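Novice: One point on numbering: in my numbering, the residue at position 189 of the sequence shown is 189, and numbering is uninterrupted.
Every residue gets a Cβ at the ideal spot worked out from N, C-alpha and C, and that includes glycine.
Values in this document were obtained by computation on a predicted structure and should not be read as measured data.
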Amino acid sequence: MKKFTFTLSCILATFAFGQQVQVERCLSHKAIEYQDSLTPGFADIVNEQFEIAKNAPLKKTDEVYRVPVVFHIVYNNDDQNLADSVIMRQLETLNQDFMRQNPDTVNMREDFDIVKGYPNIEFRLAQIDPDGNPTTGITRTETDLESFADFSIISGSFDALERIKSTSDGGIDPWDTERYLNIWIGNLDILGFTALLGYATPPVGLPNWPAGATAGLTDGVVVQYSVVGDNNPNEVDMGQGPLDVKGRTLTHEVGHYLGLRHIWGDGDCTQQDGIDDTPNADDQSDFDCDPTKNTCEDDIFGIDLPDMIENYMDYSAETCQNSFTRGQANLMRAVLENQRIDLIEDNPASVVETESIDVQIYPNPTSNSFTIAVENDLIDQYELISLSGKTVLRGSIESVNTEVNVNSLDNGMYVLKLSNSLTNEVVSRKVVKM
Ligand SMILES: [Zn+2]
Numbered sequence: 001m002k003k004f005t006f007t008l009s010c011i012l013a014t015f016a017f018g019q020q021v022q023v024e025r026c027l028s029h030k031a032i033e034y035q036d037s038l039t040p041g042f043a044d045i046v047n048e049q050f051e052i053a054k055n056a057p058l059k060k061t062d063e064v065y066r067v068p069v070v071f072h073i074v075y076n077n078d079d080q081n082l083a084d085s086v087i088m089r090q091l092e093t094l095n096q097d098f099m100r101q102n103p104d105t106v107n108m109r110e111d112f113d114i115v116k117g118y119p120n121i122e123f124r125l126a127q128i129d130p131d132g133n134p135t136t137g138i139t140r141t142e143t144d145l146e147s148f149a150d151f152s153i154i155s156g157s158f159d160a161l162e163r164i165k166s167t168s169d170g171g172i173d174p175w176d177t178e179r180y181l182n183i184w185i186g187n188l189d190i191l192g193f194t195a196l197l198g199y200a201t202p203p204v205g206l207p208n209w210p211a212g213a214t215a216g217l218t219d220g221v222v223v224q225y226s227v228v229g230d231n232n233p234n235e236v237d238m239g240q241g242p243l244d245v246k247g248r249t250l251t252h253e254v255g256h257y258l259g260l261r262h263i264w265g266d267g268d269c270t271q272q273d274g275i276d277d278t279p280n281a282d283d284q285s286d287f288d289c290d291p292t293k294n295t296c297e298d299d300i301f302g303i304d305l306p307d308m309i310e311n312y313m314d315y316s317a318e319t320c321q322n323s324f325t326r327g328q329a330n331l332m333r334a335v336l337e338n339q340r341i342d343l344i345e346d347n348p349a350s351v352v353e354t355e356s357i358d359v360q361i362y363p364n365p366t367s368n369s370f371t372i373a374v375e376n377d378l379i380d381q382y383e384l385i386s387l388s389g390k391t392v393l394r395g396s397i398e399s400v401n402t403e404v405n406v407n408s409l410d411n412g413m414y415v416l417k418l419s420n421s422l423t424n425e426v427v428s429r430k431v432v433k434m
């Protein structure tokens, strides 16, 4: 809080002297405070949900969880309308970081070998939009707004920033936030100075949302266009030369989206991030890489580890960030298994149409019925699941062609889950009732 006020005061003060502005990296913590001001008790719910996720026994430890993602590019000029190649590089970085396959893990100091973590989470561009149509997973929206940031964020308001998430306010509406990770990319400059790199909303677990509470932030991640992708042609000038962008802003923000806090717990040594194996720090790094820091005494497996500038949830330079801890990885997987389970379970948005078993569904879309055509013996059961995760039809498959009547069902998208009860093989297909 102090830092942010100071920074923006600096913006005001330094315009007069023509000096450069310090960039604020992330407002995810402030976003929780803002939500709490709109819906008192919101911060308590976020903390409660953090504890629930932290204490939840992990269901699966090895399986790669796949999250469908949509990038919404909202642009006011050609520079902001990032090329697909930039988005693809960003996605590659995000996936490497969350699979711990990034080449720079070799730069992690050996001290942290005992805590390094493998989230095993993969992000895939959505192949199907909320209407059931094929999509690239990238939307492009031209806006009249030169920037989504303004001085109102000094007072802690997110109203200006949130315009990017609303079609009627100059941005673009989200896709179903329970089924897609929505990432908005736009300009967050203030008077031509980059003031903010990004923010994300935390997992809250919808059943615990206070009754009647509608005001708040739209679920998802917002990122400044110039820090997306390590091949981004735009520069972020921080006063001491351009920022070395490695695409780690998105890694950091998706960490928040999946429940993580900053490693310094947004306080001094008395404030923790709630993750047992994250070395504590008394403050953020400042876009630097200082391996001499050990600001807080802690006891992690009996060792007082140095400050982990390698951690994605610090504010260190992107060039020295390369790791999550095991506790952070487990927390994010627990969030996907609980508060954000609709992203990974029976999610029509993540259905991949090319799978090993040859299944034909026709007609699809359909209004009355469809036929499941499958090679004999490979599949013996079917289940039709609604977007809310409810099984609306099930039955057995006894011949090559099985007709399924959907006359009584509501229009919309469904997941058809086909399984072999002996081998436990499962194939999913999307079915649209019109
Ligand atoms: Zn952050």
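Note down the Cα distance separating S28 from D266, rounded to an integer number of angstroms.
Specialist: If you number the sequence shown from 1, residue 28 lands on position 28. If you number the sequence shown from 1, residue 266 lands on position 266. Using only the alpha carbons, I get a separation of about 11 Å.
Novice: Would you list, in sequence order, the uninterrupted alpha helix (DSSP H) runs of no fewer than 4 residues that lie entirely inside the region 214-280?
Specialist: Listed in chain order, the complete alpha helix (DSSP H) runs (minimum 4 residues) inside the region 214-280 are 248-257.
Novice: Taking 8 Å as the threshold (C-beta atoms), are R179 and R124 in contact?
Specialist: Taking the sequence shown and counting its residues from 1, the one referred to as residue 124 is at position 124. Taking the sequence shown and counting its residues from 1, the one referred to as residue 179 is at position 179. Their beta carbons are not under 8 Å apart, which means R124 does not touch R179 by this criterion.
Novice: Looking at the secondary structure, which residues open and close the beta strand (DSSP E) in which Y414 lies?
Specialist: The residue labelled residue 414 in the question sits at position 414 within the sequence shown. That run of the beta strand (DSSP E) goes 412-419.
Novice: Any chance you could list the residues with Cβ under 6 Å from a heavy atom of ligand 1, keeping chain order?
Specialist: Listed along the chain, these residues meet the criterion: C26, S28, H252, H256, H262.
Novice: For E142, which residues of its own chain have a beta-carbon under 7 Å away from its beta-carbon, when the five flanking residues on both sides are left out?
Specialist: Counting from one through the sequence shown, the residue named residue 142 turns up at place 142. Excluding residues within five positions, the ones whose Cβ falls inside 7 Å are Y75.
Novice: Restricting to Cα atoms, I'd like to know which of I275, I309, T278, V70 is closest to Q284.
Specialist: Translated into the one-based positions of the sequence shown, residue 284 becomes position 284. Of the candidates I275, I309, T278, V70, the one whose C-alpha sits nearest the C-alpha of Q284 is I309.
Novice: Please state whether DSSP places F158 in a helix, a strand or coil.
Specialist: In the sequence shown, the residue the question calls residue 158 occupies position 158. Of the three classes helix, strand and coil, the one that applies to F158 here is coil, per DSSP.
Novice: Once the 5 residues before and after I303 are set aside, which same chain residues still bring their CB inside 6 Å of it?
Specialist: Working through the sequence shown from its first residue, we reach residue 303 at position 303. Result list for I303: empty, nothing under 6 Å.
Novice: Any heavy atom of ligand 3 closer than 7 Å to the beta-carbon of P363?
Specialist: In terms of ligand content, the structure shown lacks ligand 3 and carries ligand 1 instead.
Novice: Take S85 as the anchor and find which of N77, T136, P103 has the nearest alpha-carbon.
Specialist: As a working note, residue 85 is residue 85 in the sequence shown. Taking only the C-alpha atoms, the option nearest S85 is T136.
Novice: Got a sec, what are the start and stop residues for the beta strand (DSSP E) K430 sits in?
Specialist: Counted from its first residue, the sequence shown places residue 430 at position 430. Unbroken beta strand (DSSP E) run through K430: 426-433.
Novice: Among the residues of its own chain, which have a CB less than 8 Å from the CB of M108, if the five just before and after it don't count?
Specialist: Within the sequence shown, residue 108 is the residue found at index 108, counting from 1. Here the set comprises K116, E310, N322, S323.
Novice: Which residues in the same chain have their Cβ closer than 7 Å to the Cβ of K430, if we skip the five residues on either side of it in sequence?
Specialist: In the sequence shown, residue 430 corresponds to position 430, counting from 1. Within the same chain, K430 has close Cβ partners I128, G132, P348, V351, M413, V415.
Novice: Is M332 closer than 8 Å to I263 when the C-beta atoms are compared?
Specialist: The residue given as residue 263 occupies position 263 in the sequence shown. The residue given as residue 332 occupies position 332 in the sequence shown. No, these two residues do not count as a Cβ contact at 8 Å.
Novice: Checking 8 Å against the spacing of the C-beta atoms, do N411 and M434 come in under that value?
Specialist: The residue you call residue 411 lines up with position 411 of the sequence shown. The residue you call residue 434 lines up with position 434 of the sequence shown. Yes; because the gap between Cβ atoms is below 8 Å, this pair is in contact.
Novice: Along the chain, where does the beta strand (DSSP E) containing N182 start, and where does it finish?
Specialist: Here the question's residue 182 lines up with position 182 in the sequence shown. Start and end: 181-186.
Novice: Which term fits D342, buried or exposed, when burial requires 16 or more other beta carbons within 10 angstroms of its beta carbon?
Specialist: The sequence position of residue 342 within the sequence shown is 342, counting from 1. Classification of D342: buried, given that the 10 Å Cβ count is 16 or more.
Novice: Any idea what DSSP makes of N401, helix, strand or coil?
Specialist: One-based indexing of the sequence shown puts residue 401 at position 401. Three-state DSSP puts N401 in a strand.
Novice: Could you check which residue in Q360, D36, N368 has the C-alpha nearest to that of S428?
Specialist: Indexing the sequence shown from 1 puts residue 428 at position 428. Minimum Cα distance to S428 is reached at Q360.
Novice: Inspect the beta-carbon positions of V64 and E110 and report whether they are closer than 8 Å.
Specialist: Here residue 64 refers to the residue found at position 64 when the sequence shown is read from its first residue. Here residue 110 refers to the residue found at position 110 when the sequence shown is read from its first residue. No, the Cβ-Cβ distance between V64 and E110 is not below 8 Å.
Novice: Excluding sequence positions up to five away, which residues of its chain have a Cβ less than 7 Å from the Cβ of E383?
Specialist: Sequence index remark: in the sequence shown, residue 383 carries index 383 (1-based). The answer, listed in chain order, is T391, R394, K417.
Novice: Considering only the beta carbon of each residue, do Y199 and E253 sit closer than 8 Å?
Specialist: Mapped onto the sequence shown, residue 199 falls at position 199. Mapped onto the sequence shown, residue 253 falls at position 253. Taking 8 Å as the Cβ cut-off, Y199 and E253 qualify as a contacting pair.
Novice: Between which two residues does the alpha helix (DSSP H) harbouring A53 extend?
Specialist: Here residue 53 refers to the residue found at position 53 when the sequence shown is read from its first residue. Residues 42-55.
Novice: Quick check on DSSP: helix, strand or coil for V86?
Specialist: In the sequence shown, the residue the question calls residue 86 occupies position 86. DSSP places V86 in helix when its eight states are reduced to three.
Novice: Spatial neighbours of R163 within its chain, please: CB distance less than 6 Å, with the 5 preceding and 5 following residues excluded, ordered by chain position.
Specialist: Residue mapping note: residue 163 aligns to position 163 of the sequence shown, counting from 1. So the list reads F148, D169, G170, G171, once near-sequence residues are dropped.
Novice: Within 10 angstroms of the Cβ of T354, are there 16 or more other Cβ atoms? Answer buried if so, exposed if not.
Specialist: Start at 1 with the first residue of the sequence shown, and residue 354 comes out as number 354. For T354, the predicted structure reports a pLDDT of 47, less than 50, and the residue's modelled location is therefore unreliable. A value from the coordinates is still provided. T354 comes out exposed.
Novice: When you compare only the Cα positions, how much space is there between K60 and D346?
Specialist: Within the sequence shown, residue 60 is the residue found at index 60, counting from 1. Within the sequence shown, residue 346 is the residue found at index 346, counting from 1. Taking the straight line joining both Cα atoms gives about 16 Å.
Novice: Mind checking E318: buried by the 16 CB within 10 Å criterion, or exposed?
Specialist: Along the sequence shown, one-based indexing puts residue 318 at 318. Buried.
Novice: Once you ignore the five residues that flank G156 on each side, which residues in its own chain have a CB closer than 8 Å to its CB?
Specialist: In the sequence shown, the residue the question calls residue 156 occupies position 156. Answer for G156: K30, E33, Y34, S37, listed in chain order.
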